[in-house]
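Undergrad: For what it's worth, the UniProt record's numbering labels the leading residue of the sequence shown as 1, then goes sequentially. Provided herewith is a single structure, encoded as structure tokens, for subsequent inquiry.
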Amino acid sequence: MRVLVTGGAGFIGSNFALRARERRPEWQLTVIDAMTYAANRASLEPVLTTGEVALVEGNIADAALVDGLVADHDVVVHFAAESHNDNSLDSPWPFVESNVVGTFTLLEAIRRHGKRLHHISTDEVYGDLELDDPARFTEQTPVNPSSPYSATKASADLLVRAWIRSFGIEATVSNCSNNYGPRQHVEKFIPRQITGILQGVRPKLYGSGLNVRDWIHVDDHNDAVIAILEQGRLGETYLIGADGERNNLEIVRMLLELMGKPADWFDHVDDRPGHDLRYAIDSTKLRRETDWQPRYGDLHAGLAQTIDWYRTNESWWREAKVAAERTYERLGR
1 MRVLVTGGAG
11 FIGSNFALRA
21 RERRPEWQLT
31 VIDAMTYAAN
41 RASLEPVLTT
51 GEVALVEGNI
61 ADAALVDGLV
71 ADHDVVVHFA
81 AESHNDNSLD
91 SPWPFVESNV
101 VGTFTLLEAI
111 RRHGKRLHHI
121 STDEVYGDLE
131 LDDPARFTEQ
141 TPVNPSSPYS
151 ATKASADLLV
161 RAWIRSFGIE
171 ATVSNCSNNY
181 GPRQHVEKFI
191 PRQITGILQG
201 VRPKLYGSGL
211 NVRDWIHVDD
221 HNDAVIAILE
231 QGRLGETYLI
241 GADGERNNLE
251 IVRMLLELMG
261 KPADWFDHVD
271 DRPGHDLRYA
281 IDSTKLRRET
291 DWQPRYGDLH
301 AGLAQTIDWY
311 RTNESWWREA
321 KVAAERTYER
331 LGR
């Protein structure tokens, strides 16, 4: 099977390429990535140097480029997206261009050539839940995005669903909870705290730190994507979660404990505008219809593995860390 991976030099996409090479060595993988600040060629180096994966540098909004690549592949796994909430509040247009225009461009190529699509999305399209609400997001939860990022991802999801219904394309959609793990850009919450602690910098916690996220290791997410590709029903949406609900304060304290720092070694900073309260995923449908189960049921074990990766790969993140902290300083966060 010839698989085109969009955004495959970013965090989840690069981990997908590496995981797919390990679990499905018969797949022929091509990555397309615009190689923006959030991408890193070094993430793919183990499979690029051996020729196991081909890398095409380009934008998914480039219709001519996308058309040729889609025509040459059997399946498209669509990770490409601008995904950082703080950046979307600072400059929304790149999110519209990548997440909406890029997805539209990809859908039209898939429609022309009759190819299979799996579209990767986020639980953030559903908005948020109250902290004391026992409910979780399901496939029937209405979209209710809070930020330019989540609004553009919700728009992309709706485009895919419309192309399924109106044009009969063969596609599935997945909405996943917050990912963590190796090769995540240091602007994101967990790697920002890990790399800061490694440099002797106290973590920074938005507001009270009581906002809840449902965490999943990136390998568990990508294993679920493979399961949906092979076992999922066409036209369906699947929610991917590993029952990892923790508030941000708990995550910071876990990291401090694992890295040998006092539990109170952090600082509160002003909260982010429109900061969602709580995300929670009900992955019953996915588990019922496929054989997927998360490997990292213990969040401590997953975080320890992630800390070890950043500790031993400083050359991967050092330069990006400087730029990310400069941006946070400008935004006052």
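A virtual CB, placed ideally from N, CA and C, is assigned to each residue, including glycine.
Who does residue 376 pair with in a DSSP beta bridge?
TA: With the chain running from 1 to 333 in the structure shown, residue 376 is simply not present.
Undergrad: Please list, in chain order, all residues of the same chain as Lys153 whose beta carbon is under 6 Å from its beta carbon, the five residues on each side excluded.
TA: Asn99, Ser121, Thr122, Val125
Undergrad: Can you look up Phe137 in the DSSP assignment and give me helix, strand or coil?
TA: strand
Undergrad: Output yes or no for whether 9 Å exceeds the beta carbon distance between Asp270 and Gly209.
TA: no
Undergrad: Going by the beta-carbon positions, is the gap between Val69 and Leu4 smaller than 9 Å?
TA: The question names Val, but residue 69 is Leu in the sequence shown. Yes, Cβ-Cβ distance for Leu69 and Leu4 is below 9 Å.
Undergrad: On a Cα-Cα basis, can you pick out the residue from Arg111, Glu319, Ala42 that is closest to Gln199?
TA: Glu319
Undergrad: Which whole-angstrom value describes the C-beta separation of Ala109 and Asp67, a residue pair presumed to lie in contact below a C-beta threshold of 8 Å?
TA: 5 Å
Undergrad: Given this structure, state the Cα-to-Cα distance separating Val56 from Pro94, to the nearest angstrom.
TA: About 20 Å.
Undergrad: According to DSSP, is Arg278 part of a helix, a strand, or is it coil?
TA: strand
Undergrad: Which residue wins for smallest C-alpha separation from Trp292, given the options Ala224, Glu97, Asp308?
TA: Put simply, of Ala224, Glu97, Asp308 the residue whose alpha carbon is nearest the alpha carbon of Trp292 is Ala224.
Undergrad: Report the option in Asp132, Asp276, Lys188, Ala304 whose CA atom is closest to the CA atom of Phe11.
TA: Among Asp132, Asp276, Lys188, Ala304, the Cα nearest to that of Phe11 belongs to Lys188.
Undergrad: Are the beta-carbon atoms belonging to His119 and His73 less than 9 Å from one another?
TA: no
Undergrad: Contact check, residue 344 vs Thr306 under 8 Å by CB: the rounded distance?
TA: What the structure shows of the chain is the stretch from 1 to 333, and residue 344 is not part of that stretch, so it cannot be assessed.
Undergrad: Which first and last residues belong to the beta strand (DSSP E) in which Lys204 is found?
TA: 204–206
Undergrad: Determine the DSSP secondary structure at Tyr238, reduced to helix, strand or coil.
TA: strand
Undergrad: How is the beta strand (DSSP E) around His268 delimited, first residue to last?
TA: Its beta strand (DSSP E) spans residues 267–269.
Undergrad: Exposed or buried, what is Asp132 when buried is set at 16 or more other beta-carbons lying within 10 Å of its beta-carbon?
TA: exposed
Undergrad: Quick check on the burial criterion: 16 or more other C-beta atoms within 10 angstroms. Buried or exposed for Ala162?
TA: Around the CB of Ala162, fewer than 16 other CB atoms lie within 10 Å, so the residue is classed as exposed.
Undergrad: Please state whether DSSP places Thr179 in a helix, a strand or coil.
TA: Checking the displayed sequence, the identity of residue 179 turns out to be Asn instead of Thr. Residue state, collapsed to three classes: strand.
Undergrad: Write down every uninterrupted run of the alpha helix (DSSP H) in the stretch 136–169 whose length is 4 residues or greater and which is fully enclosed by it, in chain order.
TA: 148–167
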